[in-house]
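Single-structure report; data block below.
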Amino acid sequence: MTREKLSGAEIVVEELKNEGAEVAFGIPGGVLLDLYEVLYTEDAVRHILMRHEQCAAHAADGYARVSGKTGVCIATSGPGATNLVTGLANASMDSTPVVALTGQVPTAAIGSNAFQEASTFTITMPVTKYNFLVKRTEDLPKVIHNAFYIANTGRKGVVLIDLPKDVLATKVEVDLHQKETFAGYKPNIKPNKVQIKKAAEALVNAERPLILAGGGVISTGATEELRHLAEFLGAPVVTTLMGKGAIPENHPFSLGMAGMHGRIYANRAINECDALLAVGTRFSDRLTGWQLDQFAPDATLIHVDIDAAEINKNIQVDIPIVGDAKLALGEIIKWLEKKKKTATESLWVKRIKEMHSACEDCIKDVGRAGTSISDMFIKELNRILDDDAIITTEVGQCQMFAAHYYLTKKPRTFVSSGGLGTMGFGFPAAIGAKVAAPDKKVVDVAGDGSFLMTCQDLATCVESDIPVVVCIFDNRYLGMVRQWQELFFEKRYSQTGLGATPDFVKLAEAFSCYGERVEKPEELKDALHNAFESGKPAVIDMIVGMDDKILPMIPPGGGVIGMIGTERCTHI
6 MTREKLSGAE
16 IVVEELKNEG
26 AEVAFGIPGG
36 VLLDLYEVLY
46 TEDAVRHILM
56 RHEQCAAHAA
66 DGYARVSGKT
76 GVCIATSGPG
86 ATNLVTGLAN
96 ASMDSTPVVA
106 LTGQVPTAAI
116 GSNAFQEAST
126 FTITMPVTKY
136 NFLVKRTEDL
146 PKVIHNAFYI
156 ANTGRKGVVL
166 IDLPKDVLAT
176 KVEVDLHQKE
186 TFAGYKPNIK
196 PNKVQIKKAA
206 EALVNAERPL
216 ILAGGGVIST
226 GATEELRHLA
236 EFLGAPVVTT
246 LMGKGAIPEN
256 HPFSLGMAGM
266 HGRIYANRAI
276 NECDALLAVG
286 TRFSDRLTGW
296 QLDQFAPDAT
306 LIHVDIDAAE
316 INKNIQVDIP
326 IVGDAKLALG
336 EIIKWLEKKK
346 KTATESLWVK
356 RIKEMHSACE
366 DCIKDVGRAG
376 TSISDMFIKE
386 LNRILDDDAI
396 ITTEVGQCQM
406 FAAHYYLTKK
416 PRTFVSSGGL
426 GTMGFGFPAA
436 IGAKVAAPDK
446 KVVDVAGDGS
456 FLMTCQDLAT
466 CVESDIPVVV
476 CIFDNRYLGM
486 VRQWQELFFE
496 KRYSQTGLGA
506 TPDFVKLAEA
516 FSCYGERVEK
526 PEELKDALHN
536 AFESGKPAVI
546 DMIVGMDDKI
556 LPMIPPGGGV
566 IGMIGTERCT
576 HI
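Dropping the structure here:
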């Protein structure tokens with residue numbers, strides 16, 4: 006440790022550098038001028054000026070999901086900080102490591118309703134893993150180290166640091182790079198060996214084992230262990246939305262995404278299995294449906310999660326395992342290999358391979374399992390993009406079409422808002438993803454309604470040279486809400502028609518971006534080529550049908566075997 010006399014702002018930047026923060030997404034304000042003065046003279050931390058604080062949080066979220074590092078966002082006091090809340094809640098629900106720095110009025114003014122004062126600490130407490138309100142400049146090194154440590158250990162999440170103006174301006178002598186951590190914060194990552202043995206025995210003795218992979222498999226880097234275990238056991242794998250990419254979806258044991266808008270055979274496998282290993286998932290209602298008696302009713306349920314609070318919260322399990330997904334899967338594999346226990350080719354495995362083959366054919370063949378222009382556009386993306394390309398999504402029909410029909414081959418290449426379902430997420434998340442992986446193609450699969458919520462940050466893309474491509478499902482409706490109104494509310498389309506939305510090509514051009522409109526799926530290849538070749542941020546306006554529906558789906562109050570629209574999946 007080196008003792009120096011530095012301002013609070015200088016300490017913040019030095020500690021960000023020490024924690025490996027390479028980029029911060031933010032917007033300055035009056036109480037943050039000392040911090041931005043240091044960022045102006047210190048180029049070790051790249052700052053990207055966003056056009057809305059919600060986008061700053063989403064960009065930090067997207068950056069973290071693609072890079073595996075901790076994302077950083079910055080906002081000023083009052084409305085700047087409150088604008089972060091949606092993005093922080095989104096990252097928190099999806100267990101993304103993000104550190105948020107917010108400005109605050111001087112400590113002496115806190116509680117006086119000073120200009121642009123808001124109680125950021127209390128407002129954001131429900132949507133963060135931990136919060137700090139720093140009142141002494143000398144506490145900054147320890148606080149910033151702890152913020153990054155908490156955000157990226159255990160169940161990853163959001164940590165907010167509220168920084169009063171005088172704390173940033175004051176100069177003090179401090180020891181930089183302090184490594185002191187909270188005595189009470191000791192996340193348990195090592196799984197219990199007795200529980201590992203029980204889980205391994207249950208899996209190897211099962212006739213119809215199944216693995217359910219959630220986002221925890223990806224965030225802990227456990228994808229190779231997952232594939233190895235699936236092949237070793239002859240167990241198929243289904244994923245949650247957050248787990249897309251945990252196993253290549255062209256792998257013969259992959260049945261794709263399960264749940265409300267998942268593939269029918271993924272849900273059928275859950276219903277029919279006799280042992281279910283769920284890893285890094287919290288059993289949300291979007292996965293299980295509301296008829297819980299249909300969810301793996303005859304299975305021995307094994308749940309691996311790093312957060313003990315998630316065990317038995319939504320689904321009662323037989324074998325709970327608290328710990329890191331990568332370690333747990335590794336230990337199960339070791340036990341099986343040590344005992345020389347492996348599964349043989351079974352009728353279950355043969356059936357799974359048949360179902361996988363049929364599902365993959367649906368993705369490749371425009372004429373099978375759905376013939377709407379929306380799924381045809383996603384199938385075209387499958388053909389055009391390489392395996393390293395990164396897909397982000399907005400929320401709604403566009404999201405579920407992508408989740409259902411886009412084959413994700415690698416982890417950290419499919420980024421979507423899971424728990425919070427945040428419209429407007431995909432585009433700023435794509436900005437963060439492109440910053441994290443500048444050499445990869447990044448495409449946001451958007452809906453017109455969602456894109457209109459955050460499209461102002463096209464200016465960010467132009468000014469900061471971030472050439473992402475936005476593909477808009479343009480049906481002039483809030484498509485998912487319209488679908489529900491059609492199916493369950495007797496076609497009473499209350500307030501879902503967007504009416505006179507902009508000409509998205511002209512909107513793109515107004516921001517100095519590339520814009521093109523396509524009306525047929527076969528036109529998408531050339532449009533994407535033009536967009537990538539332009540070297541600019543781009544918007545492709547894809548005209549789709551207002552009556553397009555993402556099916557099959559679990560209806561309200563239904564379960565995994567009560568999907569509607571299954572007539573599209575009668576090919577095996």
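So the sequence shown is numbered by my numbering: it starts at 6 and just counts up by one. Glycine included, C-beta positions come from ideal geometry on N, C-alpha and C.
Mapping DSSP to helix, strand and coil, what is residue i?
i	result
Arg291	helix
Met6	Any answer about Met6 is weak, because its pLDDT of 49 lies below 50 and its placement is not dependable; what the coordinates show is given next. The answer is coil: DSSP assigns Met6 none of H, G, I, E or B.
Pro557	coil
Cys466	helix
Thr244	strand
Met98	helix
Gly429	coil
Val28	strand
Asp48	coil
Leu332	helix
Cys78	strand
Ser421	coil
Tyr135	strand
Ala374	Its pLDDT being 47, under 50, Ala374 is placed unreliably by the model, and the measurement read from it follows with that caveat. It is coil, neither helix nor strand.
Ile569	strand
Arg487	helix
Leu306	strand
Ile458	Per the sequence shown, residue 458 should be read as Met rather than Ile. It is helical.
Ala114	helix
Glu20	helix
Pro526	helix
Asp167	strand
Ser72	helix
Ile320	coil
Tyr41	helix
Using CA atoms only, rank isn't needed, just tell me which of the options is closest to residue i.
i	options	result
Ala218	Val242, Arg273, Arg51, Ala204	Val242
Gln321	Ala330, Thr75, Thr305, Leu334	Thr305
Ala227	Arg417, Gly423, Asp552	Arg417
Asp323	Leu463, Lys203, Asp366	Lys203
Leu11	Leu181, Ala536, Leu533	Leu181
Ala314	Leu332, Ala301, Arg287	Arg287
Arg56	Met262, Ala464, Glu538	Ala464
Ala407	Thr397, Ile307, Glu58	Thr397
Leu281	Asn210, Ala86, Val139, Lys345	Asn210
Ala333	Gln299, Ala301, Ala283	Ala283
His308	Leu208, Asn157, Thr427, Glu20	Leu208
Met578	Asn23, Val565, Val450, Gly162	Within the shown structure, residues of the chain are numbered from 6 to 577, placing residue 578 beyond reach of any answer.
Arg8	Tyr41, Pro146, Thr101, Val139	Pro146
Gly248	Ala240, Leu260, Thr186	Leu260
Phe493	Leu44, Tyr519, Pro561	Pro561
Ile389	Asp552, Tyr411, Gly267	Tyr411
Asp462	Ala442, Glu206, Ala434	Ala434
Between which two residues does the alpha helix (DSSP H) holding residue i run?
i	result
Pro146	145-156
Phe126	125-129
Pro84	84-88
Asp531	529-539
Leu512	509-515
Asp173	The sequence as given places Leu at residue 173; Asp does not occur at that position. Residues 170-174.
Ala271	269-277
Please list the terminal residues of the continuous beta strand (DSSP E) segment that includes residue i.
i	result
Ala105	103-109
Leu260	259-262
His52	51-54
Cys364	Counting along the chain, Cys364 falls outside any beta strand (DSSP E), though it belongs to the alpha helix (DSSP H) covering 352-369.
Gly452	447-452
Tyr482	Segment: none, Tyr482 is in no beta strand (DSSP E) and carries neither H nor E.
Asp546	543-548
So, under 8 Å CB-CB, residue i and residue j are touching, yes? Tell me the CB distance rounded to an integer number of Å.
i	j	result
Phe137	Asp99	Not quite, the Cβ-Cβ distance comes to about 22 Å (not below 8 Å), so this is no contact.
Val549	Ser379	5 Å
Gln121	Gly83	3 Å
Leu626	Gly423	The requested residue 626 does not occur in the structure, where the chain is confined to residues 6 to 577.
Val36	Val77	Not confirmed; about 18 Å, so no contact.
Met547	Asp479	6 Å
Ala513	Val474	So it is not a contact: roughly 10 Å between Cβ atoms.
Val486	Thr501	5 Å
Ile471	Val440	6 Å
Glu401	Leu457	Looking at the sequence shown, residue 401 is not Glu but Gly. Not quite, the Cβ-Cβ distance comes to about 12 Å (not below 8 Å), so this is no contact.
Lys331	Glu254	Not a contact, Cβ separation roughly 20 Å.
*Entirely within the region 180-238 and at least 3 residues each: give me those beta strand (DSSP E) ranges in chain order.*
Counting only runs of 3 or more, we get 214-218.
_Entirely enclosed beta strand (DSSP E) segments - the region 380-421, minimum 3 residues_ = Counting whole runs of 3 or more residues, the region 380-421 contains the beta strand (DSSP E) stretches 395-398.
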